[in-house]
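Going line by line, the protein sequences match chains A and B.
Everything in the first sequence is counted per our numbering, starting at 1 for the first residue and increasing by one.
Everything in the second sequence is counted per our numbering, starting at 147 for the first residue and increasing by one.
All residues carry an ideal CB built from backbone N, CA and C; glycine is no exception.
Remember, it's a predicted structure, so these values are computed and weren't measured experimentally.
Working notes, beginning with the structure itself.
There are 2 protein chains.
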Amino acid sequence: MIGGMTSPLRTPVPDAGDDRAQTWTIREIADEFGVTHRTIRHYEDLGLITPERRGTVRVYHRRDRTRLNLILRGKRLGFPLEEIRTIVDLYDAPLGKASQLEYVLGQIDERRADLEQRRADIDAAITELGRFEDRCRDELRGLRAR
Amino acid sequence: MIGGMTSPLRTPVPDAGDDRAQTWTIREIADEFGVTHRTIRHYEDLGLITPERRGTVRVYHRRDRTRLNLILRGKRLGFPLEEIRTIVDLYDAPLGKASQLEYVLGQIDERRADLEQRRADIDAAITELGRFEDRCRDELRGLRAR
DNA sequence: ATCATGCTTTACGTTTACGTCAACGTCAAG
DNA sequence: CTTGACGTTGACGTAAACGTAAAGCATGAT
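Right, here's the structure in full:
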C-alpha cells in the first residue's frame with residue numbers, strides 16, 4: 001500500500017518558514033513509491049531524477065516526486081526508461097524562446113499519437129476479451145442446461 | 147508497411163480441395179509481420195507459437211498468425227512475453243469442463259482489470275499532455291503579442 | 001568511545017528479448 | 001554435381017533494468 005506519510009527531514013532547512021519546502025530521504029521516497037532505493041538510484045544514473053545533494057547525501061524535493069510519478073506511470077505503460085526521460089525532460093524544458101516552444105509542441109503531438117495508438121490496442125484487446133467471455137458463458141450455460 | 151500477400155507453399159497439401167488451409171514459411175511470416183525469423187523462433191522457444199513441422203521445416207498456419215497478432219499487440223502494450231503466453235494460451239484452452247470455464251472466466255476478469263488500469267493511465271497521460279499543450283500555446287501567444 | 005543504522009559508491013550478477021555468427025541440411029536450377 | 005537460396009540448430013553476445021553483495025563514511029544513541 002502506498003500511503004502519503006510526511007516524514008520531515010531532521011534538518012528543517014535554514015531557508016525555512018515555508019513548510020511546503022519539505023524534503024525526503026531516499027528510503028522514504030522508495031518506500032512510499034513502492035520501489036527499492038536501488039531503483040531510485042538507477043533512475044538518477046540515467047538522468048531521470050536529479051535530487052539535491054546535501055554534502056554526500058541525497059535530498060528529495062517535491063519536484064523529484066512529481067518526476068517519479070511520471071516515470072512510474074511511464075513504466076506501467078511499458079515505455080523504456082530512455083523514452084521516459086525524453087518525456088519528463090519535456091515537462092520541465094526551458095520554454096524560453098518561440099523555437100523551443102514549437103519543438104515542444106511537436107513533441108507533444110508525437111507523444112499523443114503514440115498514446116492514442118496504445119489506447120486503440122487496449123480497446124481492441126478489451127472488446128476481444130468481451131467476446132471471448134460471452135462465448136465462455138454460453139458454453140457454461142450449455143453445460144448446465146443438461 | 148505490412149501487407150497481406152498470400153504466398154502459397156509449393157506443397158499444396160494432399161488434404162487439399164480446401165483453399166483456406168493455406169500455409170506460410172517462416173520468412174513469409176516474418177516479413178509480413180515486420181519481425182525477424184529469429185524473433186519468430188524465439189517466440190516458439192517460449193511456447194508462444196507451435197508451428198507444424200513438415201520434416202524439419204516449420205510450416206505456419208492461420209492459427210499461428212492469429213497468435214502472432216496477439217503476441218505483437220501484447221508487446222506494443224508492454225507485456226512481458228511470459229505474461230503474453232498465459233494470454234494466448236487462454237484463448238485456445240480446452241474449455242471442456244465447467245471448472246475449466248470458471249477458471250478461464252476468472253482469468254478474463256484479471257486481464258480486463260489490468261487493461262483498464264492501463265487505459266486509465268493512458269487517459270491521465272493524454273489529458274496531462276493536453277493541459278501542458280495549452281500552457282505552451284498560451285506562452286507562445288504571449289511571445290508573439292509583443 | 002564505540003556501536004548500530006542509514007546512506008553512499010563500486011562493481012559484478014541476472015533476467016528478458018532478442019541479435020549475430022557458425023556450421024550444417026536440402027532442394028531446385030544450371 | 002555443384003551452386004545458391006532458404007531453412008535449421010546451437011551457442012555466444014548484448015542492451016535494458018535493475019538485484020545483490022562488499023566496503024566505506026556519518027551520525028545519533030548508549
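List the residues of chain B whose Cβ lies closer than 7 Å to the Cβ of R112(A), in chain order.
-> Mapped onto the first sequence, residue 112(A) falls at position 112. Residues of chain B passing the Cβ test: I272 and L275.
What is the DSSP secondary structure of V181(B), reduced to helix, strand or coil?
-> Numbered from 1 along the second sequence, position 35 holds the residue referred to as residue 181(B). In this structure, V181(B) counts as coil in the three-state DSSP scheme.
Quick one, which residues of the segment 229–244 of chain B are near chain A if we go by CB-CB under 7 Å, in chain order?
-> Y237, L241 and A244
Does the Cβ-Cβ distance between R231(B) and G288(B) come in under 8 Å?
-> The residue you call residue 231(B) lines up with position 85 of the second sequence. The residue you call residue 288(B) lines up with position 142 of the second sequence. Not in contact: R231(B) and G288(B) (Cβ atoms no closer than 8 Å).
For a contact meaning CB atoms closer than 8 Å, what does D121(A) contact in chain B?
-> On the first sequence, residue 121(A) is found 121 positions in, with the first residue counted as 1. Residues of chain B passing the Cβ test: R219, R222 and L223.
Step through the CB atoms of chain B and report whether any lies within less than 8 Å of the CB of R118(A).
-> Position 118 of the first sequence, counted from the start, is the residue given in the question as residue 118(A). Taking Cβ atoms only, chain B reaches closer than 8 Å to R118(A), which makes this a yes.
Proximity test, Cβ basis, 8 Å: F132(A) and chain B = On the first sequence, residue 132(A) is found 132 positions in, with the first residue counted as 1. Taking Cβ atoms only, chain B reaches closer than 8 Å to F132(A), which makes this a yes.
Relative to the alpha-carbon of I40(A), which residue among A21(A), R144(A) and L72(A) has its alpha-carbon at the smallest distance?
-> The sequence position of residue 40(A) within the first sequence is 40, counting from 1. The candidate whose alpha carbon is nearest that of I40(A) is L72(A).
Taking only beta-carbon positions, decide if I49(A) is within less than 8 Å of chain B.
-> Your numbering for residue 49(A) matches position 49 in the first sequence. Taking 8 Å as the CB threshold, I49(A) stays off the interface with chain B.
Limits of the unbroken alpha helix (DSSP H) element including D295(B) = Since the first and last residues shown for chain B are 147 and 292, residue 295(B) lies out of range.
Is it true that the CB of L251(B) sits closer than 8 Å to the CB of Y237(B)?
-> As a first step, residue 237(B) is located in the second sequence; it is residue number 91 there, counting from the start. As a first step, residue 251(B) is located in the second sequence; it is residue number 105 there, counting from the start. No.
If you drop the 5 nearest sequence neighbours on each side, which residues of the same chain put their C-beta closer than 6 Å to that of W24(A)?
-> Stepping through the first sequence from its first residue, residue 24(A) is reached at position 24. By the criterion of a C-beta distance shorter than 6 Å, W24(A) is surrounded in its chain by Y60, once the five residues flanking it on both sides are discounted.
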